[in-house]
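For reference, the structure is listed below as structure tokens.
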Amino acid sequence: MKKNLLILAAAALFSTGAAFSQVIVHVRPPAPIYEHRPPAPGPRYAWHDGYHRWDGHRYVWMPGAWVAPPRPGVVWVPGHWRERGGGWVWIEGHWR
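Just so you know, we're using this note's numbering here: the sequence shown kicks off at 18 and counts up by one.
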């Protein structure tokens with residue numbers, strides 16, 4: 018029983034640490050691409066801007082999209098690249 022609890026605690030600790038890891042990219046991200054926003058599918062939808070994603074070798078453009086919020090009253094905070102540690106890290110967008 019104690020062994021199982023220890024294994025579960027270790028798994029929770031390691032999975033939490035992995036969620037906060039960041040990859041530092043030593044190549045400056047390209048300027049964002051202007052995208053024409055199609056009409057929103059509904060009044061509650063928020064536009065998620067497109068962004069350049071690092072695939073491990075190069076930047077790849079991920080197009081923007083309309084997304085329904087998880088609950089009423091939240092606002093989308095866009096993801097962005099931030100200079101840090103001699104390179105660039107991606108800060109994920111999130112609902113606030």
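For each residue, glycine too, the CB sits at the ideal point set by N, CA and C.
Can you tell me whether residue i is helix, strand or coil according to DSSP?
i    : result
Y62  : coil
Y51  : coil
R113 : coil
V42  : strand
V92  : coil
What are the partner residues of residue i, as DSSP defines its beta bridges?
i    : result
G104 : R101
H69  : W78
Could you give the first and the last residue of the continuous beta strand (DSSP E) run that contains residue i?
i   : result
V77 : 76-79
A85 : Taken as a continuous stretch (DSSP letters only), A85 belongs to no beta strand (DSSP E), as it is neither H nor E.
Can you tell me whether residue i is buried or exposed, with buried defined as 16 or more other CB within 10 angstroms of its CB?
i    : result
W78  : exposed
W105 : buried
W98  : buried
| said: Whether or not the stretch 66-75 and the stretch 83-92 are in contact is what I'm after, with contact meaning three or more pairs of Cβ atoms, one per stretch, closer than 8 Å; do they touch? | reply: no
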